[in-house]
Structures are given as C-alpha cells and as structure tokens.
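Protein chains in written order, with this note's numbering: chain A, 1 to 363; chain B, 364 to 726. Worksheet: the structure to be examined is printed underneath.
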DNA sequence: GCGATTTGGTAAATCGTTTCAGTAAATCGT
DNA sequence: ACGATTTACTGAAACGATTTACCAAATCGC
C-alpha cells in the first residue's frame, strides 16, 4: 500500500542553499558539561542544583541563580537518553492496539495520552492487526526500548513478562495483569431490556470477531439477559463478524448472511457501532427501514454513532476514561515495585444511549 | 475528564502472593557484559560478532556460533537506550497532530506507522489541540528525547529547529521543511466540476477552522474553480467551522448558520467529511433531503464517508499514503545529513469519489 | 584555641553499549 | 629464519547524565 501511491514530486531545490549551510548542519545540543564549563563549575554542582537535590542546599543562592540563568540562556535541556540510562527509568510505556484506524482505539488512546503526558510519560503505539507473531515482535521491541510498562488494548495477553501490564478490554486471567473492563453483564441487560421494553421479541445478534477479546463475554451476557427477559435468541438469528477490516463492511456482510438465511427478527443487536452502521446499510438495501421495520442497537458510542442517519441507539462504553484508567493503573504499578496488591479488575459502567435507530415494534 | 469517571474497583488481591514474590520482582535483563562473562570473552568481541561488524571477520566461525547460541539461550537483547546514547541515534521520531480522535489523523498515522516500523523506527505521538503553547512544549520534549526528526500533521510549523521536519498538509514556507500536500487546485476543480455537471449553479461552502492549515488554500481553490465554471459563490453562502470539536457538530452548526441566513443553494461543499455529515443532519432537520433537495460533497474520504446514509460523495485524499510519504521523506532527510537538496513539496493527487450525497439539481 | 560542623564545592564511578587502538600469537613470504 | 601479515582477541575511552564519596576552607561551640 505504501508503495503504490501516485505522486508528482516537484523538486524545487532551495535557491539560497550555499555551501555555507553545511556548517550549520546539526548543531550539537548543549550538554551538562558545556554548561558547567561555561560557568566554571563542575557538572556535579550544576546537576545537583538543576535537579533541586537536597545536597544543593549548601550551594549559595547566588550560585544557584547563576546556574539557572545560564541554563536558560544556553537553552540547556537534559538529554533524556543519558538520564534514562543512568537512572534506569525511561518514562516511556508501550501501547499495543489492534489498529489505529478506528473510533474505538482512537478514543482509548486519547485517554491514555491525556493521562500519560500529564505524568511526564511518553508512549510508543504499535498495532498488531490481531497477528500473534507481530504481537511477540512488538513486545520484544518494547523490552529492548526499556519501556516501563505495557498497556494492551483489546489484545489477548498470555505472554508473561517481568514488566507491569494493564489490559483494556482484556479478559485473560494472566496473573499480575490488571484488566480494565466494562460491566458486561449490565451492558447486556441494558441492551436487551431496552429492546424488550419496545416490544421486541425476535432479536438477532451479530457477535464480534473470534479474535476480539470482548466477543465471548458480550455474547454470553446478551444470551443470559435474553433468557432472563424470556426472549431467547434463535440460533439462526446469530451472525458473526469475520476478518480484520475495521470498516462497517464486516457488519454489512454479517447482516446479509442473516437476511439470506431468512432469519426472522425485529431488532438487531450489533457487536459495535461500526458494524451496526454496516448492518443498517444491509437492511436498507433489502428495503427494510431502520427503525420502522428493524431496530438496530450498537455498542461503544463512538463519534460516528451520534451523527449517523439514523443516529444510533447504543450501549456506551466510556472509552476515553478506560484509556485514562488504564494509564493510571499502569503508572501506579510502575510506581510501586514491591506490591502485587493491585486489583485484577477495574470495572467501568456502561450506559444506554437512546437515539433514533430503535423504536417500538410494529404491531 | 480523566478525573470524572465513575467506576467500581474490585480489589481482589492475589491469593498466592507470598513474600517470596518480592524476590522475583523486576529481574534484570542480561547485559552484554553478562553475556560476555558467561562466554569468557570480552564485551568487545561479543558486540562485534553480534553486530556483524567487518572486524568480526577474523573471529572463527566456531566462536561466532558460540556467541550467537549463548545470546539466544540467555535471551540477550541489546539495551536500546545505551546503544542510542553511544551511537547518538535513537531511531525514534516525533509526530505532532491536532488530535487522535478523528478519522483523518488516524488514517495518516496508520501510514506513518507502517512505514516507520518497516524501517526499524518507533515514534512518539502527541496531540496539541491547536494550542500554540502545547506545540512548543511538545517540541521541547521531542528534542530532549533526542528524536531524529519531526513529522507534523495539519499543524502550523513556524518553529525553526535543527531537526529534519516534514509537514503533512502544511503550507508554511519554512525553509528546510518538506511539505506533503494535496494538489488542491485539482481538488477544487474536481469538486466544483462535479457539481456543475449535475446542473448546480448555487453552491454553498463551509470553510475549515481558521487554525486548520488546509483551510485557506482549499477555499481559494474552490473559489477560483467556481469562477472558472462561472458559478460564483455568493458571500452569504459561505460559512465556516468554529472550534476544536472533532465531531460533526461543527459542520452542523455551520450549516445551521447558512440556513438561518436564508442562503440559497442547491449544493453544499463541506470542508471535510466529518462536517459534511453534520451538514446533512442540519439539512434533514429543516426538511431538506440529501441529495434530492441539496447535494452535499465532502472531503477526505474517511472511513465514515462510504457507509454514511446517504453515502458521501467526496474528494478523496490519499491519507494513508500521505502518512507513508511523510515518514519516507523524513527518513530520507535523516539518512543524509549533508544534503539540503530535498523537495519543498511533494504533491499527491485527489480523486473524486461519487456516491449518493450528490444528484442532479431539481428543475 | 581546638575539635566538630557547616559551607561550597569536586572527582570518579556508573548505566550498557560501541569502537578505536592495540597486542600477543600464529602464519606467511621469500 | 626473520620481518610482515593475519588471526583472535582485549582495554579503555567514549556517549551525557546522576550520585556517592570525599575534601578544603570557614564557622561554631565552649
């Protein structure tokens, strides 16, 4: 893909690029040693003062001021690499996600970013497209780069590492891993209850891809909620997303399968908003209107949900907050190196957001 | 936002957490020195062999095998931090984007990621929400972290650094910065021509936010294309996105303003797909159907465009490829430290994607 | 006035790698 | 058989910070 673009390069080389410019190339940053030399002090003193070390209390404030002043005018910035090597702390974490190109990951990431930057951490993101060997590869690179912890999003995590790991929407019981998870039982209940309240008795379901870590638990919760409300879900009314395509197309295909099998349903519970959008497309194409003929309910409440036409009724996951929480718990783990008294699970609550894609069943 | 989630923590502490566990905490990784010691060789030799240095040719293959074997069984992984410090190469770049939570950035990022990982680079992403002081702050951190280059996306870039910079959708003439840009003239032409071909003569336009770097050039190209096709755009038919909200809401608001001003138009050219979606919502709410009453054309061709209802006719930007290209040119610049014979502009071509949101004008 | 403490610093080790400059033994050319 | 190479390595100096251990001079307590 990267190699197939069509472009027209316009090679205007700079007019003013005299040979002089090469002398300016890559000016070296000023180091602690430089700074110390310019002050006629030792690097030790300067370091102590700049870092506000307790020892620095014996340095007269006059000298301290000189040091700060010089640091400012020379634009001294401590080299993070050197510092990390010495202190064995990189202030960096690794984030492993399925792919970047979707509302779900983006929302989680924005939460992660907010929290991490606030705490002075940076992060590497890599996506694995649900391929096991890529996950392994990336994890090795994370370790090589000395990340202090790993955050995995919607990713099976059976790899034991010595690093703190927090998993968002993961359901593996790997010990030592904190899971940030939705209260799925409640989510299933909210969804099914809403449809039942609207009079629906024949509910179809689109399950997630087999590789998605929420698939199984969400399906179970929907099944048990349906049983509880006495609207059992017919086997023929269950479809499943297939493939890694992050667009609504997978939902479109799954819904077409339902229709081709003549599944009878008045409501459709999709695995997520993206697939719900694809489902609506498929329904419309066969002449079924949403919500008049079929109610569709999504999951996640990504940005697209609110402004879709019709706007999606959905079970909201607080994705950004889950990202925040993930980052928060990871940093906690990193902070305390002794304890393993960390929660295995941190549970966040879903919320039913009623919009236009669901309506009362037709009599 | 990060502080306002409602959660219920379940603190199941591990049953098997004996005091023993603290002895396992954070096992140290095996270093080159460890590896060398276990082989009874010097670190020098081991390093030379593992890195395939030319000097290593004098080391007998038997020894080399021993080294590789030991490295494998001890799971030796070179410490990237130490290596970076010594070699003064971090194989890391910094990416500066407005925000992560949108189709545009995500698509660009996925291209960037693909290219960079392929070349053994990692990257830091940070978002600046169009705030100048945040940009400055992040740039300083990038320098501290010794990134080898900076990629800015849809971000004004007037800051001189000694680092290689490539700008995606940037239009500042900062010298030394390579811009990856769309052929906007062509884009404007494609959009207006399409509408004109459908018989539209009254075209409304939603301009981008003032801070978005494509806003001005896109508006100019549309205006000149409209002039060329003799369908001048009335001043009252021009609206503008306001605020940093990355959802369709800004487009919704901009369109409502048009409607409230009683602007007369049969076609609407939105700044991007996201705002086009908001525009459709606003039009529908006042009883105008898309495309029967008003044709709407978007820009970008983000994932959401194809599956929206109606699906969006749009001017496609090859976003992922732009990300790839940006990464590619940045790596080129990083690779050659002497040259400034790099292009100022790399131009990619837009493409008209006709879907359902545009139609022939009603007679 | 003399030992103890405080003041104002510095030298050197360290983090884990790479790499320049050797070096001692074996081999080669003639 | 003797200098020149080649073979098989190693020592030590970087990279740019932090940190421990020290030191000399000044001041304090009594």
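Cβ atoms here follow ideal geometry from the backbone N, Cα and C, with glycine treated the same way. Predicted model, so just to flag it, every value in this text is computed and none were measured.
My guess is that residue 445/B and residue 85/A are in contact by the Cβ rule of under 8 Å, so how many angstroms apart are they, rounded? 6 Å
Is residue 292/A close to chain B? Criterion is C-beta to C-beta, closer than 8 Å. no
Of all the options 204/A, 167/A, 88/A, 309/A, which has the alpha carbon lying nearest to the alpha carbon of residue 648/B? 309/A
Counting only C-beta atoms, is residue 278/A closer than 8 Å to chain B at any point? yes
State buried or exposed for residue 492/B, treating a residue as buried only when at least 16 other CB atoms are found within 10 Å of its CB. exposed
With burial defined as no fewer than 16 other Cβ atoms inside 10 Å of the residue's Cβ, what is the status of residue 265/A: buried or exposed? buried
Cα separation between residue 537/B and residue 523/B? 8 Å
With DSSP run on the structure shown, which of helix, strand or coil describes residue 25/A? Residue confidence for residue 25/A is low, a pLDDT of 49 falling below 50, so the modelled location carries little weight and cannot support an answer.
Is there a Cβ of chain B sitting closer than 8 Å to that of residue 81/A, yes or no? yes
Under 8 Å (Cβ pairs) to chain B, residues found in the segment 114 to 148 of chain A: 114, 115, 117, 118, 122, 123, 124, 125, 126, 127, 140, 141, 143, 144, 145, 146
What residues match up with residue 123/A in a beta bridge as DSSP calls it? 93/A
So with Cβ pairs under 8 Å, would you call residue 303/A a contact of chain B? yes
If you count every other CB in all the chains shown that lies within 10 Å of the CB of residue 667/B, and 16 or more means buried, which is it? buried
Alpha carbon to alpha carbon, how far is residue 223/A from residue 180/A? 23 Å
Using the beta-carbon of each residue, which ones in chain B are nearer than 8 Å to residue 110/A? Under the 8 Å cutoff, chain B gives 462, 463, 464, 490.
Answer with yes or no whether the minimum CB distance from residue 453/B to chain A is below 8 Å. yes
Is DSSP giving residue 179/A helix, strand or coil here? strand
Based on the DSSP output, what are the partners of residue 529/B in its beta bridges? 514/B, 541/B
So, is the C-beta of residue 271/A closer than 8 Å to a C-beta in chain B? no
Burial state of residue 197/A (16 or more Cβ within 10 Å): exposed
Can you tell me the Cβ-Cβ gap for residue 140/A and residue 507/B, rounded? I've got them flagged as a contact below 8 Å. The pair is not a contact, with the Cβ atoms about 26 Å apart (cut-off 8 Å).
Give the straight-line distance between the Cα atoms of residue 553/B and residue 597/B, rounded to the nearest whole angstrom. 20 Å
Own chain, CB closer than 6 Å to residue 470/B, minus 5 neighbours either side, in chain order: 682, 683
For residue 630/B, count the other beta carbons within 10 Å of its own beta carbon; 16 or more makes it buried, fewer makes it exposed. Which is it? Burial check for residue 630/B: the Cβ neighbour count within 10 Å reaches 16 or more, so the residue is buried.
By DSSP, does residue 663/B sit in helix, in strand, or in coil? strand
Within chain A, partners of residue 542/B - CB distance below 8 Å: What residue 542/B touches in chain A: nothing, since even the nearest Cβ is about 10 Å away.
Excluding sequence positions up to five away, which residues of its chain have a Cβ less than 6 Å from the Cβ of residue 200/A? Excluding sequence neighbours, residue 200/A sits near 266, 267, 361.
Does any CB atom of chain B fall closer than 8 Å to the CB of residue 35/A? no
Residue 564/B in three-state terms, based on DSSP: coil
Buried or exposed for residue 606/B, going by 16 or more other Cβ atoms inside 10 Å? exposed
Contact list for residue 448/B against chain A, beta-carbon separation under 7 Å: 81, 82, 85
Does residue 431/B have its Cβ less than 8 Å from a Cβ in chain A? no
8 Å Cβ cutoff, residue 573/B in contact with chain A: no
Heavy atom of the ligand ZN less than 7 Å from the Cβ of residue 269/A, yes or no? The ligand ZN is not part of the structure shown, which contains no ligands of any sort.
Could you check whether the Cβ of residue 713/B sits closer than 8 Å to any Cβ belonging to chain A? Contact of residue 713/B with chain A is not assigned, every C-beta pair being separated by 8 Å or more.
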